[in-house]
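Per full-length UniProt numbering, residue 1 is the first one in the sequence shown, and the count goes up by one each step. Cβ coordinates follow ideal geometry from the N, Cα and C atoms, glycine included. Input: a single structure, listed below in structure tokens.
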Amino acid sequence: FLIGCALAPTLNALIIFRFLSGVFGSCPVTNGGGSISDMILQQHRGAAMAGFSIGPLLGPIIGPVVGGIVAERLSWRWVFWALVILSSLLSLVFLAFSRETYAPVLLQRKTDRLRRENSNNAAALLRSKLDAGLTPRELFLRAILRPFKLLVFSPICAICNVFVGIAYGYLYIMFTSITPLFEQQYGFDGVRAGLAFLGLGVGSMLGVAYFSSASDGYIKKKAKEAAELAADDDDDDGGEAGMARRRPSVGAIKPEYRLPPLRLGAVLLPAGLFIYGWTAQYKVHWIVPIIGTAIMGVGNLVIFMSLQLYLVDTFTIYAASALAANSVVRSLLGAVLPLAGGPMYEKLGLGWGNSLLAFIAVALIPVPWLFMRYGEFLRKRFAIENL
């Protein structure tokens with residue numbers, strides 16, 4: 001479908017192929033978190049998810065810079081040809097080295113293999129422990145509906161997705177103001193105005209570094225405390241049973257342990273918006289609004305990562321569905337909010353326009369504290385099973 005975009009003869013054809021490429025291109029975004037949940041131990045997922053999330057967050061930031069240069073030097077069609085080349089190479093690497101990670105599928109494959117290797121009546125009765133006894137059609141319908149059920153029946157999923165969606169939508173609203181601001185107010189040309197987006201990129205990279213160390217570090221600290229507590233409780237136990245009790249189980253590491261970094265992210269997002277908006281409004285030196293976008297980038301990344309990993313740790317086997325719901329809400333808000341960006345800035349100006357966004361973000365600051373206090377209660381009160 002990217003080839004279709006590159007060869008599109010009309011705008012309507014380009015829109016159709018763009019839509020189709022987005023539909024099929026969303027698979028890695030939704031499946032990636034689930035695969036990480038399958039492969040990576042809970043206390044090491046922070047760094048893994050941080051690395052995985054660099055793409056979805058830095059892509060919209062670096063894309064305008066690279067795309068603008070390619071379109072200016074070659075043509076807009078070469079933007080899509082570049083994507084065709086990169087995605088083809090990555091697809092070949094993926095096909096060569098990737099393996100299935102989803103536990104129900106792996107166990108079903110093992111069951112099928114045992115049936116083939118043992119052609120007796122007992123083997124014919126073998127069944128995967130995780131087999132839900134559904135037909136492929138029923139499995140497909142259940143998988144399609146599961147993300148929407150999570151949004152409706154799980155307050156944690158709904159609140160997390162709205163929070164991430166707002167932060168993600170703000171990122172795209174910024175795109176409607178950065179280029180006009182630096183071209184018209186600071187006299188940048190097209191390429192230099194594109195480079196102004198790198199403030200968000202630098203902030204996002206700082207957010208990755210902070211979150212990956214802070215999140216996994218906190219989880220390991222809590223795991224160590226759980227192990228020491230188990231050791232104190234089992235001082236009189238010996239042998240393998242006692243040793244097993246001293247090891248921190250996955251259940252001992254609560255999903256809420258992912259949330260402490262979110263407190264910083266929730267504060268930095270509105271702070272960056274205030275700095276960017278008012279320094280741009282009063283035409284302060286161009287570096288100061290970019291610093292504001294960098295602060296916003298740190299907050300955006302930490303919010304994105306904290307809540308995505310919280311969803312992964314909360315829903316475990318349904319992690320991919322929880323992230324699919326997240327992707328739906330995030331993408332909708334990312335598409336709709338920028339439509340209001342231009343009229344909002346025209347009506348309110350950069351100062352009050354960004355302040356309006358910041359005030360909404362300020363209202364969300366209590367979320368991490370509320371989840372850290374009541375998250376476990378919500379998980380148990382609205383437990384999700386057999387979806």
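Check                                                                                                                  : Outcome
Alpha-carbon spacing of ARG247 relative to TYR102, whole angstroms                                                     : With a pLDDT of only 48 at ARG247, under the threshold of 50, the placement of this residue in the model should not be trusted; the figure read from the coordinates follows. Rounded to whole angstroms, ARG247 to TYR102 spans 25 Å at the Cα level.
With 16 other Cβ atoms within 10 Å as the buried cut-off, status of MET305                                             : buried
Host alpha helix (DSSP H) of LYS254 (start-end)                                                                        : First-last for LYS254: undefined, no H or E at that position.
Beta-carbon gap between ILE295 and GLY203 smaller than 8 Å                                                             : yes
Of the listed residues THR30, GLY201 and CYS27, nearest to ILE62 (C-alpha basis)                                       : GLY201
Alpha-carbon to alpha-carbon, MET174 and VAL191                                                                        : 17 Å
ALA158 in three-state terms, based on DSSP                                                                             : helix
Span of the alpha helix (DSSP H), counted from its first residue to its last, around SER327                            : 319-363
Through-space distance from LEU139 to ARG381, alpha-carbon basis                                                       : 26 Å
LEU307 and LEU262 closer than 8 Å at C-beta                                                                            : yes
Three-state class that DSSP yields for ALA280 in the structure shown                                                   : helix
Within 8 Å, strictly: CB atoms of ALA8 and PHE1                                                                        : no
Cβ neighbour criterion (16 or more within 10 Å) applied to PHE80                                                       : buried
GLU117 to PRO104 span [Cα, whole Å]                                                                                    : 20 Å
VAL208 vs LEU301 beta-carbon contact at 8 Å                                                                            : yes
CB-CB length for ARG330 against GLY165, believed under 8 Å                                                             : 5 Å
Alpha-carbon to alpha-carbon, PRO338 and GLY251                                                                        : Low per-residue confidence applies at GLY251: pLDDT is 49, beneath 50, and the placement is therefore not dependable, though the value from the model is reported in the following sentence. For GLY251 and PRO338, the distance between alpha carbons rounds to 41 Å.
Whether GLY199 touches ILE275 by CB criterion (8 Å)                                                                    : no
Under 8 Å between C-beta atoms of GLU357 and TYR210                                                                    : The residue asked about is misnamed: residue 357 is Leu in this sequence, not Glu. Going by C-beta atoms, LEU357 is not nearer than 8 Å to TYR210.
Within 8 Å, strictly: CB atoms of ILE303 and PHE163                                                                    : yes
Where the alpha helix (DSSP H) containing ALA294 begins and where it ends                                              : 287-315
Selection from LEU92, ILE36, THR293 and LYS283 that minimises the alpha carbon distance to GLU100                      : ILE36
Close Cβ partners of ALA359 (< 8 Å) along its chain, the five nearest in sequence each way excluded                    : According to the sequence as given, residue 359 is Phe; it is not Ala. These residues qualify, in order along the chain: PRO270.
Top-ranked residue by Cα proximity to ALA82, from SER154, PRO56 and VAL66                                              : VAL66
Residue from SER212, LEU86 and LEU14 whose Cα sits closest to the Cα of ARG77                                          : LEU14
Residues of its chain near THR30, where Cβ-Cβ distance is below 7 Å and the 5 sequence neighbours each way are ignored : ALA320, LEU323, ALA324 and SER327
Distance, PRO260 Cα to ILE40 Cα                                                                                        : 21 Å
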